[in-house]
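Chemist: In the numbering used here, the protein residues as written are 10 to 206. Yeah, the Cβ is synthetic: ideal placement off N, Cα and C, and Gly gets one too. Keep in mind it's a predicted model, so treat the numbers as computed, not measured.
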Amino acid sequence: MKGNAMITPHISRNVATVSSDECVCTAAVRLRDEGVGCLVVLDDDGEVTGMLTDRDLALRVVAADRDPNHVRVADAKTSPPVVISEDADLDDVIALMRARGIRRIPICEDGKPVGLVALDDAPRTLAGEVRDLGRGAGTKVRKARRRARYERVRHEAEELLEEMYRRLALGNWYAREAFLDRLDEVRDRLRISSSED
10 MKGNAMITPH
20 ISRNVATVSS
30 DECVCTAAVR
40 LRDEGVGCLV
50 VLDDDGEVTG
60 MLTDRDLALR
70 VVAADRDPNH
80 VRVADAKTSP
90 PVVISEDADL
100 DDVIALMRAR
110 GIRRIPICED
120 GKPVGLVALD
130 DAPRTLAGEV
140 RDLGRGAGTK
150 VRKARRRARY
160 ERVRHEAEEL
170 LEEMYRRLAL
180 GNWYAREAFL
190 DRLDEVRDRL
200 RISSSED
């Protein structure tokens with residue numbers, strides 16, 4: 010599944026877990042206390058056996074009018090779990106999430122959870138990357154504009170100098186005075202241009 014856009018920057022290393030033997034009431038408290046929308050369900054060996062989401066609790070416990078103190082996590086979880094490795098391609102992961110109708114996937118190494126990627130997090134991270142690219146592009150545009158402005162001023166200065174040299178060739182006093190006036194104009198323009206950069 011290796012590709013161009015890796016999921017590594019989108020992985021949350023803080024994985025909230027729950028034992029499959031616990032009651033869903035305890036799991037609901039953990040969801041609330043940890044401020045998460047899902048718990049990775051583990052067996053006695055610490056391997057992933059499923060996911061328990063707030064939606065699972067709503068549909069499989071509350072809507073089914075079951076007592077949360079008497080329902081085990083194993084009976085309310087979504088299984089078998091969809092898991093991926095850390096070297097998965099971001100586009101493939103997003104496609105898998107959409108195809109399976111899930112928003113979170115645990116990242117596993119040797120069956121044990123090492124991270125979690127959430128569909129909600131990936132666009133936010135990508136938006137940040139796009140924003141950073143936009144800032145970089147904006148800087149390049151500003152530099153290009155300054156370069157273009159400098160080139161325009163330099164070109165105008167060269168034209169003015171050519172005109173002044175032509176007038177000096179006539180060798181009269183008025184031409185020298187015009188030259189000095191034009192030279193002052195060029196100096197002023199170059200000062201203004203360099204102060205804008």
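#1: Within the continuous alpha helix (DSSP H) that includes Ala127, where are the two ends?
#2: Give the straight-line distance between the Cα atoms of Gly120 and Cys34, rounded to the nearest whole angstrom.
#3: Would you report the Cα separation of Val69 and Ile111, rounded to the nearest angstrom?
#4: If you draw a straight line from the C-alpha of Met10 to the C-alpha of Val92, how long is it?
#5: Do Val49 and Met60 have their CB atoms nearer than 8 Å?
#6: Given that a residue counts as buried once 16 or more other Cβ atoms are within 10 Å of its Cβ, and exposed if not, what is Ser88?
#7: Comparing C-alpha positions only, which one of Arg81, Cys32, Cys47 sits nearest to Ser21?
#8: Val102 and Val126: beta carbons closer than 8 Å?
#9: Does the stretch 154-172 come within contact of the stretch 190-204, defined as at least 3 CB pairs closer than 8 Å?
#10: Does the distance from the CB of Pro122 to the CB of Val24 come in under 8 Å?
#11: Would you identify the three-state DSSP class for Glu186, choosing helix, strand or coil?
#12: Return the residue from the list Asp98, Pro90, Ile16, Arg41 that minimises the CA-CA distance to Leu51.
Modeler: This is what the structure holds:
#1: Taken as a continuous stretch (DSSP letters only), Ala127 belongs to no alpha helix (DSSP H), being part of the beta strand (DSSP E) at 121-127.
#2: 26 Å
#3: It should be noted that the sequence gives Arg, not Val, for residue 69. Cα to Cα, the separation comes out at about 16 Å.
#4: Legend: pLDDT at Met10 = 40, less than 50; position of this residue unreliable, no value from coordinates given.
#5: yes
#6: exposed
#7: Of the candidates Arg81, Cys32, Cys47, the one whose C-alpha sits nearest the C-alpha of Ser21 is Cys47.
#8: Contact flag set, yes.
#9: yes
#10: yes
#11: helix
#12: Looking from the CA of Leu51, the closest CA among Asp98, Pro90, Ile16, Arg41 belongs to Pro90.
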